[in-house]
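The structure under discussion appears below in the form of structure tokens.
In UniProt numbering, the protein residues as written are 1 to 862.
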């Protein structure tokens, strides 16, 4: 059956309420039933001969497998890679290539094994997740990671099996290609052998302890044998339990503007934009990963960060020294991943990478010295990792090959020159000869330019770029004639200048490029030997890099805590905040933001927040979610006092959008997201809900809001529920754990005698005054014509009087009906007493009792 076309990405919601689509899928599967022989050398790992510092040598194309293997991987038929909005929504600061292998157990509560390999950063992360039938945790993990390719077992994919997990991945992760391999590719034995051969030698034993009994994640790592080639003992492999981080749903990340602003994606008006005061790309990546998945282990992650942050904020001299030292670090996490292509471009990259490593290592002693007086455990550990005894041996090996004064440059000409003269003189005689020729040709170019200037009397500026190499620039005002002399070719006229070359200059450029290429290739032979020598130091390099990233993130928090007057939170069972501020708005408004208090305990955990329009209800409830994330990643928060419990889930229902392409209204999306929340919420969850039920009729919306509120109360989660349904507070006011709050406002008279509404933006206990027509007051305040507002007040007053009269009439009718019912019961009992027989009387009285109770209940409900 042919596969039906997939919906466009815009027609798909980002909510995690997963519904299994009913559609036919067609896949092809690998036909090979026997595992091909392994290509083993230097420890038994499949690998290539090209050395690599990071360990990851290359990722093959989707349809190409490592040479020497006969098993073809099979892509899902008809599934094409599409550009979705998920990666845009998460605001990835840099493009990374990530491939994920997924293994699934069979059973009611499935176990999912994931092996995420980041080609760009040279890292493999293993996880084994105990999930439910909705695969919430697995899908969330994949959405956060953003893999470009997902590898699955052929036995778990259509047509072999109608897999729910496959369908969810297919629908909810549209950016990734799906690739299918035979079941035999997933082998625990091969996965353990893979760890032996590819992990850093110092990490092998700890990794085997960490993954003991984790069959599915180990077998997922084995599946990468058929998609990627690695160098031996050079891959950074980690085991990361899924239980150690808070689950922040994708829809929450978007609606709360955690990573990027909804209206202005390039703006810094988001939580990540606020906190990202880092100096290095590594620190920025670590901050982003922590915000998306905040840690939940207090003693292991949160408390050490608090202590380090407190020390940096109190020791001003140390803080400034650390920030200054961080400015010199280059991004070696990305640049130590090396491809296998043998070309001039590849050789140039190799030289650049070594120069970057050299620059990075030369910056480490300054950071070590900046932390000389530190006392907190985390900073002491970072200082120990950055000790010169660790980095000096690596730097010494580089200095034996690379000139000591070579530094990383960014301009095209400087980069070319640094690559040309990077390798020390005297190591390779032919290289020295080629560099002498390079100097002479460069000198010939400048002599030629001087001759042209003298001959034609034109002031020339020599420029260089990667495409044209050397070219000439002439200011239009320096020309004495309207036309250029014929010696100039390749003329490009700009607004205020002219770009051109000469035939002799083109010839010299060609000869210079050939000489430069020869220098690069001869330098590459020396650099490759150096890289092979440095590969043994890869674990130390990565540990130093991670330490730099961590101290950079903490220093970024310290910068904010200092200039914004943040406080250190306590981690308790109580959520208590005094004079807390919305972190993003506080940064924008600075002194104009009105702080508020928050209080929640296991005994007082459900907060109903009412108030008039524009009173600040949405800001009030969103602030608590953002502050919770800040506290759990180790950052201080904007408040006078703060204490938080450690949360394992963060849910939010605050979006106002619908989805016309998917035929989903606002109310449909509300119900879908609420179904997801109710299915996964527990006592370790923080939930914020804004205006639930507004997308349907008032009666149905109130009914659904009451029903869902009762379910949330029973879950034990901490909930902030903003609503205009004042009746909701009356229904729930006697329930245990429910607190009623409102955002205060007051009415006043303007100078013109007009009534106006003043927002105080302050949370107070109790329910908003229902006799106050705040919607009409707000309409008047924004300039609505007075006849309309007066008519609206008349209608509102009439409706209120009618409702009150109806309630009185209804109560009167119920009272009369109750009296009649009691009189009827009296008559029936009197008749039974006078005429009833002893045998029939018990049954009759029982029936009479049941009928009376039923009819009385009907009267109460009506």
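For each residue, glycine too, the CB sits at the ideal point set by N, CA and C.
Assigned secondary structure, residue i (DSSP; H/G/I helix, E/B strand, else coil)
i           : result
residue 500 : strand
residue 298 : helix
residue 596 : strand
residue 340 : Here residue 340 scores only 46 on pLDDT, less than 50, and its place in the model is too uncertain to base an answer on.
residue 759 : strand
residue 815 : helix
residue 328 : coil
residue 462 : strand
residue 623 : helix
residue 860 : helix
residue 455 : helix
residue 566 : coil
residue 247 : strand
residue 718 : strand
Range of the contiguous alpha helix (DSSP H) that encloses residue i
i           : result
residue 587 : 583–589
residue 427 : That residue, residue 427, is in no alpha helix (DSSP H); it is neither H nor E in DSSP.
residue 676 : 666–680
residue 217 : 215–223
residue 653 : Taken as a continuous stretch (DSSP letters only), residue 653 belongs to no alpha helix (DSSP H), being part of the beta strand (DSSP E) at 649–653.
residue 170 : 164–172
For residue j and residue i, the rounded distance between their alpha carbons
i           : j           : result
residue 24  : residue 537 : Because the pLDDT at residue 24 is just 32, under 50, the model does not fix this residue reliably, and the value given afterwards should be weighed accordingly. Between residue 24 and residue 537, the C-alpha separation is close to 51 Å.
residue 441 : residue 435 : 10 Å
residue 492 : residue 559 : 48 Å
residue 518 : residue 333 : 29 Å
residue 578 : residue 639 : 6 Å
residue 360 : residue 395 : 10 Å
residue 444 : residue 508 : 8 Å
residue 563 : residue 636 : 12 Å
residue 573 : residue 643 : 8 Å
residue 300 : residue 696 : 47 Å
residue 61  : residue 207 : Since pLDDT at residue 61 reaches only 30, below the 50 mark, its modelled position is unreliable, and no value is offered.
residue 504 : residue 423 : 30 Å
residue 475 : residue 488 : 14 Å
residue 838 : residue 849 : 17 Å
residue 735 : residue 105 : 42 Å
residue 561 : residue 313 : 7 Å
Pick from the options that is closest to residue i, judged by C-alpha positions
i           : options            : result
residue 466 : 406, 358, 416, 253 : 416
residue 282 : 257, 556, 493, 173 : 556
residue 236 : 707, 406, 198, 223 : 198
residue 205 : 193, 215, 216      : 193
residue 387 : 540, 669, 704      : 540
residue 421 : 144, 404, 410      : 404
residue 244 : 302, 839, 742      : 302
residue 679 : 701, 700, 665, 714 : 714
residue 350 : 418, 156, 149, 260 : 418
residue 200 : 123, 287, 139, 460 : 123
residue 681 : 515, 325, 734, 249 : 249
residue 392 : 321, 587, 414, 365 : 365
Inter-residue CB distance, residue i and residue j (contact presumed, cutoff 8 Å)
i           : j           : result
residue 274 : residue 583 : 6 Å
residue 305 : residue 378 : 7 Å
residue 685 : residue 651 : 6 Å
residue 177 : residue 397 : Between residue 397 and residue 177 the Cβ distance is about 40 Å, and since that is not below 8 Å, they are no contact.
residue 617 : residue 815 : The pair is not a contact, with the Cβ atoms about 39 Å apart (cut-off 8 Å).
residue 687 : residue 669 : Residue 687 to residue 669, Cβ: 17 Å. No contact.
residue 291 : residue 554 : That pair is no contact at about 14 Å.
residue 125 : residue 288 : The Cβ separation is near 15 Å, so there is no contact.
Unbroken beta strand (DSSP E) run spanning residue i, endpoints
i           : result
residue 151 : 149–153
residue 269 : Unbroken run through residue 269: none, as it is neither H nor E.
residue 236 : 236–239
residue 285 : Not the beta strand (DSSP E): residue 285 falls in the alpha helix (DSSP H), residues 281–292.
residue 644 : 641–644
residue 104 : 98–104
residue 609 : 606–611
residue 470 : 469–475
residue 118 : 111–118
residue 314 : No beta strand (DSSP E) holds residue 314; the alpha helix (DSSP H) holding it covers 303–314.
residue 492 : 488–493
beta-carbon residue i near the ligand PLP non-hydrogen atom, thresh 6 Å
i           : result
residue 618 : As for the ligand PLP, it is missing from this structure, which has no ligand bound.
Chain D contact for residue i (CB, 7 Å cutoff)
i           : result
residue 554 : Considering every chain present, this structure includes no chain D. It has just one protein chain.
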